[in-house]
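Numbering (numbering that gives the first Met the number 0), first residue to last: 0 to 94. To keep things clear, I will list the structure first and then write my remarks on it.
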Amino acid sequence: MTQASVTPLIIDVRSPGEFATGHVRGSLNIPLDRFADDIAKTVPDKSAPVILCCASGGRSGMACSFMQQMGYQQVSNGGSAGAVSMQCGLPIDRL
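The structure is reproduced here in structure tokens:
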């Protein structure tokens, strides 16, 4: 199976309040302060493609490093939610 045929999971590591103001359609919200406790349950497959995002790329960069240290193989820091939205061709939704 090629990477292009697998849809990556998009995880937004901002706070729930920030997530509600606008997030990539279909993304999951795992705030950085809960990330270490929740990521293994949410993404048990360490070979699954994951794109992380936040407001500017700082928090998602920390989460990306954490996942790589845990052995995740296809994780990337997408930067801001807006950048990921454009890269993936997905709209921004608001709660």
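Ideal Cβ positions, reconstructed from N, Cα and C, are used throughout, including at glycine.
The Cβ atoms of C52 and A80 sit closer than 9 angstroms to each other. DSSP, read as helix, strand or coil, puts L27 in strand. According to the DSSP secondary-structure assignment, C53 is paired through a beta bridge with S79.
Cβ neighbours of R58 within its own chain (closer than 8 angstroms, five residues either side excluded): V12, R13, L31. Under the DSSP assignment, T20 falls in the alpha helix (DSSP H) whose first and last residues are 15 to 20.
Here V83 is actually not in contact with V42; their C-beta atoms are around 16 angstroms apart, not less than 8 angstroms. Secondary structure of D36 (DSSP, three-state): helix. Nearest to R33 by C-alpha distance, out of A47, Q72, M61, S46, is M61.
Under the DSSP assignment, D11 falls in the beta strand (DSSP E) whose first and last residues are 8 to 11.
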